[in-house]
Structures are given as C-alpha cells and as structure tokens.
Amino acid sequence: MATLTYIDLGQNNFSGSIPLTFENVTSTFTHLALDYNDLEGFIINSFGRKLTSIAYLDLSKNKLQGCIPQYFGNNMISLKYLTLDNNELGGPNPKAFGNFSTLECLYLSFNILSGYVSKTFSNIIALVYLGLRFNKFHS
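According to the numbering used here, the stretch in the sequence shown is residues 345 to 483, in order.
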C-alpha cells in the first residue's frame, strides 16, 4: 500500500478519538475522509504533520470538540478542501486558519466557533467558499 493516496473511511461507526495512525501516513496521501463517524475528543496540535500532500480532508459529522489547535495544518501546504462542520468545535478566532493559504473550500457550519470573521479568515487568499452557518461569529 505504499502508493495509496486516497482513503474514505466515512460512515463506519468509528468511535473514540482520531486514530494516531494518521500521524504516520506518508506525504503522498492526498485524500482522507473520516466523516459520518462517532469520533470524539480534541484535534491534537500535531494532527496531519506528515500530510504535506493532502488536498482533501473531511472530518465532518463527528463529535469532535474543543478549540481547533493553533498549529493544526501547519504542514498541510497543499490543502484545498477542509470540512469540519457538524461537530462540537468551539472557541474564539481559530488561528489555525492563517496556515491554509491554498485552501479553496472551508466548511465550519454547525459548531460553536466564535470571534470576528474578518480577523479569523483574512489570510486565506485562495478561499472560494466559506461555510459558517450556525456558529457564534461576529461581523
């Protein structure tokens, strides 16, 4: 499986935290979908540190909670699509989004994120779609 680049593990009823297995995935990995599971807990700061080629990451429709770590995605330099909607993510101004200069689509709806929209997302220069419905952001 050295050439595996795409994995979809959605709708498998996985539970518990995001498996640390994904910390050791090679940099050739481009797509990872873990949506529609029962993953819970916090996103750790180092999640995805080796996913330098990832373009698509879907962690939506789980039970992830807490703040999005400041350094989340620091090495995801090819990321174009990120969806974290329908979780329990909260906290003010997720600074992590300043790391995603190549991001085109960002889905964060149905969480409890807060802060000022303009400060939070102003550095994402390639952004085409931003989904923020049902959060606690300010203008």
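In this text, a Cβ means the ideal position worked out from N, Cα and C, and glycines have one as well. Computed from a prediction, not measured in an experiment: that's the story for all the values here.
Just checking, does the region 420 to 431 make contact with the region 397 to 411 on the three C-beta pairs under 8 angstroms criterion?
yes
Going by beta carbon distance, what residues of the same chain come within less than 6 angstroms of Arg393, once the five residues before and after it are set aside?
Asn419
Go ahead and pull the three-state DSSP assignment for Thr427.
strand
Determine which residues share a DSSP beta bridge with Pro413 and list them.
Bridge partners of Pro413: none, in fact.
For a test of the three-state rule: what should DSSP assign to Leu364, helix, strand or coil?
helix
Please tell me whether Ile387 and Phe416 are closer than 8 angstroms, where the distance is taken between their beta carbons.
Contact flag set, yes.
Less than 7 angstroms separating the Cβ of Asn389 from some heavy atom of the ligand FMN?
This structure simply doesn't include the ligand FMN, nor any ligand for that matter.
Tell me which residue opens and which closes the alpha helix (DSSP H) that Phe465 is part of.
Val461 to Phe465
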